[in-house]
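Chemist:
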Ligand SMILES: [Zn+2]
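Numbering (full-length UniProt numbering), first residue to last: 1 to 340.
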């Protein structure tokens, strides 16, 4: 089969890879209907994360089950399924508490390479959720978004305790930040402040429910959000970048007693203990347990109540994965959908 492989920073190639097959009785193999490039794929692409030899890329996937191992009960060949970036058993105490991305048996899907024609999914019963029926093509981007960025933005809003009457700020205008805006609107936030400098992303943020746009970053961004909230800061702030600057902007934009939901993959972030002590903010976040939300998200997508697929502003054939990475790296595209 064909699949995207990162050889070195900036060097993504689509090449022949071995066809995945069932290795364990709990595995499934799916034929991918759509896949995509994640903002987090840009960390190794940019060399911020070390690249140690050729690495199959991609961890967002929807597709049709081809084959299942002998112990798989919940999904069967022919079904259309959505999964997420950590395989999980969905039965251990951590999964049952809703933290499937910290499952005691979790396995990262990233290393298996979902930017490809086929994918082996470990722990298929716990990981994959079948859709009610084979979706029409126009739902594919929405379902693919559910596989990571929607579920991650959703978790950001849950972790930040977004709810009716609350003022929410979202730091980060990538796909996760934009879909955190969607989630905040869905959860009944009264006011949603999106931090973005890019006009096309601002428009999408407004489409998803943002009521205010802040273009400043860092301390200036904090000052703007405080201005907009009577000097207090927002009740709920979702951090969707993962840098020191964005994390501190999120914490400092939160009012005492408020909540930060951080879902940008942290890189080199160090929190100052004294400032945190006196800030009185709650911090919760981490790799989103997307699996927790998948049934609800799939239902909302099938009812056409949400349109998260709008974050894909470029679609390319899988063979052009290198261009997809370039477009996202240069911020010419918010998120690129790849068709195998
Ligand atoms: Zn588990």
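The beta-carbon is built from N, C-alpha and C at its ideal position, and this holds for glycine as well. Everything numeric in this text was worked out from a predicted model, so none of it was measured.
Starting from the N-terminal side, write out each stretch of the alpha helix (DSSP H) that is 4 residues or longer and does not extend beyond the region 216-302.
Modeler: For the region 216-302, whole alpha helix (DSSP H) runs of length 4 or above, ordered along the chain, are 218-228, 244-252, 273-279, 290-302.
Chemist: Roughly how many angstroms separate the alpha carbons of residue 269 and residue 202, rounded to a whole number?
Modeler: About 26 Å.
Chemist: DSSP three-state label for residue 208, please.
Modeler: Helix at residue 208.
Chemist: State the Cα-Cα distance for the pair residue 180 and residue 188, rounded to the nearest angstrom.
Modeler: Between residue 180 and residue 188, the C-alpha separation is close to 12 Å.
Chemist: Go ahead and label residue 400 buried or exposed: buried means 16 or more other beta carbons lie within 10 angstroms of its beta carbon, across all protein chains shown.
Modeler: Absent from the model: residue 400. The displayed extent of the chain is 1 to 340, so no value can be given.
Chemist: Quick one: give me the first and last residue of the beta strand (DSSP E) that residue 4 is part of.
Modeler: Unbroken beta strand (DSSP E) run through residue 4: 2-8.
Chemist: What do you reckon, is the C-beta of residue 74 under 8 Å from a heavy atom of ligand 1?
Modeler: Flag unset: Cβ of residue 74 not near ligand 1.
Chemist: Per DSSP, what kind of secondary structure is residue 199 in: helix, strand or coil?
Modeler: Residue state, collapsed to three classes: helix.
Chemist: According to DSSP, simplified to helix, strand and coil, what is residue 344?
Modeler: With the chain represented from 1 up to 340, any question about residue 344 goes unanswered, as that position is not in the structure.
Chemist: Would you mind listing the beta strand (DSSP E) stretches within the region 50-122 that are 3+ residues and don't spill past its ends, in chain order?
Modeler: Here the runs fully enclosed are 61-68, 80-82, 118-121.
Chemist: Out of 157, 142, 91, which has the shortest C-alpha to C-alpha gap to residue 261?
Modeler: Nearest option by C-alpha distance: 157.
Chemist: Could you tell me which of 87, 1, 40 sits nearest to residue 26, measuring between CA atoms?
Modeler: It is 87 whose Cα lies nearest to the Cα of residue 26.
Chemist: Would residue 185 and residue 192 qualify as a contact pair, given that the criterion is a beta-carbon distance under 9 Å?
Modeler: Yes, the Cβ-Cβ distance between residue 185 and residue 192 is below 9 Å.
Chemist: With burial defined as no fewer than 16 other Cβ atoms inside 10 Å of the residue's Cβ, what is the status of residue 60: buried or exposed?
Modeler: That one is buried.
Chemist: Is the distance from the Cβ of residue 165 to the Cβ of residue 190 below 9 Å?
Modeler: Result yes, Cβ atoms of residue 165 and residue 190 sit closer than 9 Å.
Chemist: Secondary structure at residue 317, three-state DSSP: helix, strand or coil?
Modeler: Correct three-state label for residue 317: strand.
Chemist: Near residue 130, what residues of its chain come up, given a Cβ to Cβ distance below 7 Å and the 5 sequence neighbours on each side ignored?
Modeler: Cβ neighbours of residue 130 beyond the five flanking positions: 75, 79, 80, 81.
Chemist: Return the chain-ordered list of same chain residues with a C-beta closer than 6 Å to the C-beta of residue 346, the five sequence neighbours on each side being excluded.
Modeler: The chain is shown only over 1 to 340; residue 346 falls outside these bounds and no answer can be derived.
Chemist: At 4 residues or longer, what runs of the alpha helix (DSSP H) sit wholly inside the region 121-152?
Modeler: Entirely contained in the region 121-152, the alpha helix (DSSP H) runs reaching 4 residues are, in chain order, 124-127, 140-146.
Chemist: Closer than 8 Å: is that where the CB of residue 103 sits relative to any heavy atom of ligand 1?
Modeler: Within the cutoff, so yes.
Chemist: Among residues of its own chain, excluding the 5 on either side of residue 287, which ones have a beta-carbon nearer than 6 Å to its beta-carbon?
Modeler: Here the set comprises 101.
Chemist: In the DSSP assignment, find the unbroken beta strand (DSSP E) run with residue 186 in it and report its ends.
Modeler: Premise fails: residue 186 lies in the alpha helix (DSSP H), 175-186, not in any beta strand (DSSP E).
Chemist: Residue range of the beta strand (DSSP E) that residue 338 falls in?
Modeler: Element bounds for residue 338: 336-339.
Chemist: Under the three-state reduction of DSSP, which class applies to residue 15: helix, strand or coil?
Modeler: Residue state, collapsed to three classes: strand.
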